[in-house]
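Here the protein sequences line up with chains A and B, keeping their order.
Under our numbering, read the first sequence as residues 1 to 249, first letter to last.
Under our numbering, read the second sequence as residues 250 to 637, first letter to last.
The C-beta atom is built at its ideal place from N, Cα and C for all residues, glycine as well.
As the structure is a prediction and not an experimental result, all values here were calculated from the model.
Here the structure comes first, spelled out in structure tokens, and everything after it is commentary.
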Amino acid sequence: MSMLLEVSGVSVTFDGFRAINNLSINFAPAELRAIIGPNGAGKTTFMDIVTGKTKPDEGTVIWGDRNISLLGMSESQIAMEGIGRKFQKPTVFEAQTVRQNLAMALKNPRGPFVVLMHKKTKLNAARIEAVAEQIGLSDSLTRVAGELSHGQKQWLEIGMLLAQEPRLMLVDEPAAGMTPEEREKTTDILKEAAKTRAVVVVEHDMEFVRRLDCKVTVLHEGSVLAEGSLDHVTSNQTVIDVYLGRAHA
Amino acid sequence: MQRSFLAQNPSVIWFIAILALFTVVVTILSEVSGVGVISTSFIKTLGKTLCLCLVAITMDVVWGYCGILSLGHFAFFGIGGYAIGMWLMYARTELIVIESLAAQAIPSTAAEISDAIGNQIFGVVGSSEFPLIWTFADSLFLQLLMVILVPGLLALAFGWLAFRSRVTGVYLSILTQAMTLALALYLFQNDSGLRGNNGLSGLQNIPGYRDVPQATVSIIFFIASAIALGAGYVFFAWIVSGKMGNVIKGIRDNEARVWFLGYHVERYKLFVFTVTAVVAGIAGALYYPQAGIINPGEIAPIASIYLAVWVAIGGRGRLYGAAIGAAFVSLVSSWFTGGGAPNINLGFYTIQWTDWWLVLLGFSFVAVTLFFPKGIGGLFDLLMRKQS
Ligand SMILES: Nc1ncnc2c1ncn2[C@@H]1O[C@H](COP(=O)(O)OP(=O)(O)OP(=O)(O)O)[C@@H](O)[C@H]1O
Ligand SMILES: [Mg+2]
């Protein structure tokens, strides 16, 4: 099966510190993947590289059917290629309504002049409502995003990703700060989304990862330590030593 | 159903209604109508104030809505003034020269006329040659085009360089200050081609309308300024209220998020920076004929900082706030600095407002920033809340 995203031999150094060390990792077109690993393992930095925020010192990042390189593309070009990203700290436009947040994210032409002349249409309104339904914010469309609860903001941000209709969703710690019920709902949203696209979830919470029920990649010191089913990686002695042992200590 | 632009923006209707009423009342009370309660010089002050409101609105769009603290928008305002000033000065001097040469027995050649005009205009800086930048000065149409093109192209070039390199925040503000400083220093030179620190003068005289009294000229410019302000208000309200407004407010609040949504943030900033620069230029082109004179001091970096102060005091992020701030602060400022405010005698020291006004303004700015971040415009929120 040809891969949707192929990251190979990527390294990044910050002031002499190797945050990503010869990292190679691949994703298939429709898969759900969890990435776990201790703090500072390089999970967020990996997403920064794929989305164009951080330029790696070496290595390649190859995308899509046409095998194009994402390196050297701007964040917006990469987003338009079909890669959506949720930040570790929820970032929505707090001063604007849920509807406006989703409308901005909706997959549509992004040029300033097209946007300037943009007219609201029934079709777009329906698309926004469909996404709001998926993330459980149908009744909150007119609310200002800043008023939402922490969990709702996380969902809104996931909703913005869905509205972008990406082929790859990179989701950084979606369940952080959520109640157990909220976590459950978040897994449902992500599993549903992964039916038609690749979804990569970074998460510390093992229960959450278990419920995702998918292939797991363990990152440590900037490279892949283990990969496979959750049971497989959690029985790996090195993983227990560097990550799980610490979490349970 | 889609609600109409006006239904979504009640402040636009209010603003236009109040502006129209104000314009009619002032016109009726002016010397033109025969009532004469308001002097011609005060009409000019009011007309100039309307232009300042317009440039403040551009500042609010670029800073209050898009989050770019440009400290250079008064430079665009000044460029607009210079562009129209060149035609005003050239055309009027040409008429005077032709008139005086007509008295001579031998008809003068075109070259002689041109030399005489050059002498009149550039004599003060010891020159009589027309610099290249005056090439189009004899054409009102082309100079009006310059009012739009020069600020627009300068903003486009500057913005392209700055935004492409992802210069943001305080670094961008410093760069815009450097731009105004460079422009002012250039204009101060005698060989700038724009009469050095003499600037351009006599701009209140409209070429070919010498017989029209200043009372009439002033009211025409006053009304033109009001129309420009009203049109500018509607135009920017339209820009900031649609999806474009959502995106630029998004850039202000979280630039990275907008990039990752797939918007090319740089192009949006460039669009906002350039469009506001053009409108600032138009405001300047209406202001300086009412002021009568423009010199490089007008473009000094401090002027652009005042602009930010007006918008902050008026309340940024709402267009009427910027207009109120500009009108209020500039009128109060001319009252204080013009000797209108009584000096305060403390016995051991007399507070002379001509000296102390800037200190007062500085304190007001700090107080507003700390305690009333929404500025004067925030009062409207309080009123609205009481009503509902
Ligand atoms: N811009 C930067 N400059 C310097 N160091 C950085 C930068 N970004 C990340 N780092 C460092 O790189 C390492 C990896 O960081 P990263 O944020 O990718 O970890 P993470 O796996 O996401 O951790 P967490 O689980 O805490 O979110 C950390 O040691 C971090 O301090
Ligand atoms: Mg992280």
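Nearest candidate by alpha-carbon position, reference residue i, set the options
i: LYS89/A; options: GLN154/A, ARG66/A, ALA163/A; result: GLN154/A
i: SER229/A; options: VAL239/A, VAL61/A, LYS215/A; result: LYS215/A
i: PRO591/B; options: TRP602/B, SER582/B, VAL581/B; result: TRP602/B
i: TRP63/A; options: ILE158/A, LYS195/A, ILE83/A; result: ILE83/A
i: LEU268/B; options: GLU504/B, PHE291/B, GLY296/B; result: GLY296/B
i: LEU301/B; options: ALA427/B, GLY313/B, TYR314/B, PHE323/B; result: PHE323/B
i: GLY375/B; options: LEU320/B, ARG444/B, PHE437/B; result: ARG444/B
i: ASP57/A; options: LEU23/A, VAL10/A, THR91/A, ALA194/A; result: VAL10/A
i: PRO38/A; options: HIS232/A, SER235/A, LEU225/A; result: LEU225/A
i: MET206/A; options: GLU173/A, SER149/A, HIS220/A, SER8/A; result: GLU173/A
i: LYS498/B; options: THR97/A, GLU165/A, GLU6/A; result: THR97/A
i: GLU280/B; options: PRO456/B, PRO462/B, LEU432/B; result: PRO462/B
i: ILE35/A; options: HIS220/A, THR238/A, ASN236/A, SER235/A; result: HIS220/A
First and last residue of the uninterrupted beta strand (DSSP E) at residue i
i: THR60/A; result: 58–63
i: LYS86/A; result: 83–86
i: VAL399/B; result: Run containing VAL399/B: none in the beta strand (DSSP E); it sits in the alpha helix (DSSP H), 389–413.
i: ALA198/A; result: 198–202
i: ARG211/A; result: No beta strand (DSSP E) contains ARG211/A, which is instead part of the alpha helix (DSSP H) from 206–212.
i: LEU219/A; result: 215–220
i: VAL224/A; result: 223–228
i: VAL114/A; result: Note, VAL114/A: premise wrong, no beta strand (DSSP E); alpha helix (DSSP H) at 112–116.
i: VAL284/B; result: Where VAL284/B is concerned, there is no enclosing beta strand (DSSP E), given that its DSSP letter is neither H nor E.
i: LEU244/A; result: That residue, LEU244/A, is in no beta strand (DSSP E); it is neither H nor E in DSSP.
Collapsed DSSP secondary structure at residue i in the structure displayed
i: ILE542/B; result: strand
i: ASN124/A; result: helix
i: MET259/A; result: As shown, chain A starts at 1 and ends at 249. That puts residue 259/A outside it, with no answer to give.
i: LYS623/B; result: coil
i: ASP364/B; result: helix
i: LEU5/A; result: strand
i: ARG33/A; result: strand
i: VAL521/B; result: helix
i: SER644/B; result: Nothing can be reported for residue 644/B, as the shown portion of chain B is limited to 250 through 637.
i: LEU251/A; result: Within the shown structure, residues of chain A are numbered from 1 to 249, placing residue 251/A beyond reach of any answer.
i: PHE252/A; result: No answer is possible for residue 252/A: the residues shown for chain A start at 1 and end at 249.
i: VAL274/B; result: helix
i: GLN251/B; result: Bear in mind that the predicted position of GLN251/B carries a pLDDT of just 46, short of 50, making it too unreliable to give a figure here.
i: MET104/A; result: helix
i: LEU449/B; result: strand
i: SER467/B; result: helix
Bounding residues of the alpha helix (DSSP H) (the contiguous stretch that carries residue i)
i: ASN22/A; result: Here ASN22/A belongs to no alpha helix (DSSP H); instead the beta strand (DSSP E) covers 17–27.
i: ASP630/B; result: 627–636
i: LEU295/B; result: 289–308
i: LEU580/B; result: 568–586
i: LEU168/A; result: That residue, LEU168/A, is in no alpha helix (DSSP H); its beta strand (DSSP E) goes 168–172.
i: ARG199/B; result: Residue 199/B lies beyond the stretch modelled for chain B, which goes from 250 to 637, so this question has no answer here.
For residue j and residue i, the rounded distance between their alpha carbons
i: ARG516/B; j: ILE25/A; result: 33 Å
i: ILE548/B; j: LEU170/A; result: 49 Å
i: PHE665/B; j: PHE612/B; result: Since the first residue of chain B shown is 250 and the last is 637, residue 665/B is not available in this structure.
i: GLY159/A; j: ASP188/A; result: 13 Å
i: LEU519/B; j: GLY566/B; result: 19 Å
i: ALA249/A; j: ASP241/A; result: For ALA249/A, the predicted structure reports a pLDDT of 42, less than 50, and the residue's modelled location is therefore unreliable. A value from the coordinates is still provided. About 10 Å.
i: VAL524/B; j: GLU182/A; result: 45 Å
i: VAL304/B; j: PHE407/B; result: 19 Å
i: GLU203/A; j: LEU212/A; result: 11 Å
i: LEU320/B; j: LEU156/A; result: 36 Å
i: GLY111/A; j: THR465/B; result: 46 Å
i: TYR243/A; j: PHE208/A; result: 16 Å
i: ILE345/B; j: PRO456/B; result: 9 Å
i: LEU403/B; j: ASN544/B; result: 19 Å
i: ILE20/A; j: VAL233/A; result: 20 Å
i: ARG501/B; j: ILE593/B; result: 43 Å
i: ALA41/A; j: SER223/A; result: 8 Å
i: VAL50/A; j: ALA194/A; result: 19 Å
CB contact below 7 Å: residue i versus chain E
i: HIS513/B; result: Given the protein chain composition of this structure (A and B), no chain E is represented.
Any non-hydrogen atom of ligand 4 within 6 Å of residue i CB
i: GLY40/A; result: In terms of ligand content, the structure shown lacks ligand 4 and carries ligand 1 and ligand 2 instead.
Query raised in the report: Counting pairs of Cβ atoms below 8 Å between the region 466–478 of chain B and the region 527–541 of chain B, do you hit three or more?
Result: Yes, the region 466–478 of chain B is in contact with the region 527–541 of chain B.
**Report entry** Stretch pair the region 103–120 of chain A + the region 496–511 of chain B: three plus CB contacts closer than 8 Å
**Finding:** These segments touch.
**Report entry** Meets three-Cβ-pair contact criterion under 8 Å: the region 482–496 of chain B and the region 255–266 of chain B
**Finding:** Yes: the two stretches touch, three or more of their Cβ pairs being nearer than 8 Å.
Query raised in the report: Does the pairing of the region 492–505 of chain B with the region 280–292 of chain B give three or more beta-carbon distances under 8 Å?
Result: No, the region 492–505 of chain B is not in contact with the region 280–292 of chain B.
**Report entry** Contact the region 272–279 of chain B vs the region 447–462 of chain B: 3+ CB pairs below 8 Å
**Finding:** Verdict: no, contact absent.
Query raised in the report: Is the region 353–366 of chain B close to the region 310–317 of chain B, with three or more CB pairs under 8 Å?
Result: Flag = no, the region 353–366 of chain B and the region 310–317 of chain B do not touch.
Query raised in the report: Between the region 623–636 of chain B and the region 570–585 of chain B, are three or more C-beta pairs nearer than 8 Å?
Result: Of all C-beta pairs linking the region 623–636 of chain B to the region 570–585 of chain B, three or more are shorter than 8 Å, placing the two stretches in contact.
Query raised in the report: Should the region 336–355 of chain B be called in touch with the region 367–386 of chain B, which here means at least 3 C-beta pairs below 8 Å?
Result: Yes, the region 336–355 of chain B is in contact with the region 367–386 of chain B.
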